[in-house]
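Residue numbers (the working numbering): 7 to 155.
Here is the structure we will look at, set down as structure tokens.
Structural data, given as structure tokens:
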């Protein structure tokens with residue numbers, strides 16, 4: 007999907023993606039190397055205790071670092087999530103937001119590693135923040151990057 011779609015098209019598809027649509031996740035592009043995902047709290051994405059369901063918090067953070075790499079490394083490279091960890095810091099309530107950005111120099115470094123060693127496995131982190139800017143969760147993503155076959 008991501009290799010074919012660019013910019014606003016990809017953002018539109020992400021916003022209509024059934025798991026995101028169902029959970030109420032909204033995505034916006036922050037330029038060629040970034041995205042922001044946000045989710046308003048609704049009864050269907052809340053847990054028994056009245057906070058955001060942890061699975062929805064993770065889901066809203068799932069594809070973005072791999073998508074950013076695929077979009078910026080180009081058709082000669084493949085990237086996918088290898089593993090992830092989420093650490094819940096406090097119950098999330100109201101609208102929560104996470105930003106995903108990869109600087110150009112990091113993308114160039116990953117490209118050099120793949121060209122020299124056949125693969126790269128960069129680690130990225132993001133924070134899920136509530137409306138007051140308080141930390142709700144930290145997400146760490148390990149991405150596997152190699153030459154496309």
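We put the beta carbon where it would ideally sit given N, CA and C, even for glycine.
Which ranges does the beta strand (DSSP E) cover as unbroken runs of at least 3 residues, wholly within the stretch 64-149, from first to last along the chain? 83-94, 102-107 and 129-135
Have a look at residue 36 and residue 150 and give me their C-alpha separation to the nearest angstrom. As a first step, residue 36 is located in the chain shown; it is residue number 30 there, counting from the start. As a first step, residue 150 is located in the chain shown; it is residue number 144 there, counting from the start. In this structure, the straight-line span from the alpha carbon of residue 36 to that of residue 150 is close to 23 Å.
Among the candidates 113, 95, 118 and 50, whose CA atom is the shortest distance from the CA of residue 145? One-based indexing of the chain shown puts residue 145 at position 139. The shortest C-alpha separation from residue 145 is found at 95.
Could you spell out the range, first to last residue, of the alpha helix (DSSP H) harbouring residue 43? Residue mapping note: residue 43 aligns to position 37 of the chain shown, counting from 1. It is not in any alpha helix (DSSP H) - residue 43 instead sits in the beta strand (DSSP E) that spans 40-45.
Within 10 angstroms of the Cβ of residue 54, are there 16 or more other Cβ atoms? Answer buried if so, exposed if not. In the chain shown, counting from the first residue as 1, residue 54 sits at position 48. Its Cβ having fewer than 16 others within 10 Å, residue 54 is exposed.
Using the Cβ count rule (16 or more neighbours within 10 Å means buried), how would you classify residue 132? As a first step, residue 132 must be located in the chain shown, where it is residue number 126. Buried: at least 16 other Cβ atoms inside 10 Å.
Closer than 9 Å, CB to CB, is residue 22 near chain D or not? This model lacks chain D altogether; it includes just one protein chain.
What is the rounded straight-line gap between the Cα of residue 101 and the Cα of residue 122? Within the chain shown, numbered from 1, the residue matching residue 101 stands at position 95. Within the chain shown, numbered from 1, the residue matching residue 122 stands at position 116. Computed Cα separation, rounded: 43 Å.
Quick one: what does DSSP say residue 48 is sitting in, helix, strand or coil? As a first step, residue 48 is located in the chain shown; it is residue number 42 there, counting from the start. Of the three classes helix, strand and coil, the one that applies to residue 48 here is coil, per DSSP.
Is residue 18 helix, strand or coil when you go by DSSP? Numbered from 1 along the chain shown, position 12 holds the residue referred to as residue 18. Residue state, collapsed to three classes: helix.
Pairwise C-alpha distance: residue 47 and residue 97: Mapped onto the chain shown, residue 97 falls at position 91. Mapped onto the chain shown, residue 47 falls at position 41. When rounded, the distance between both Cα atoms is 12 Å.
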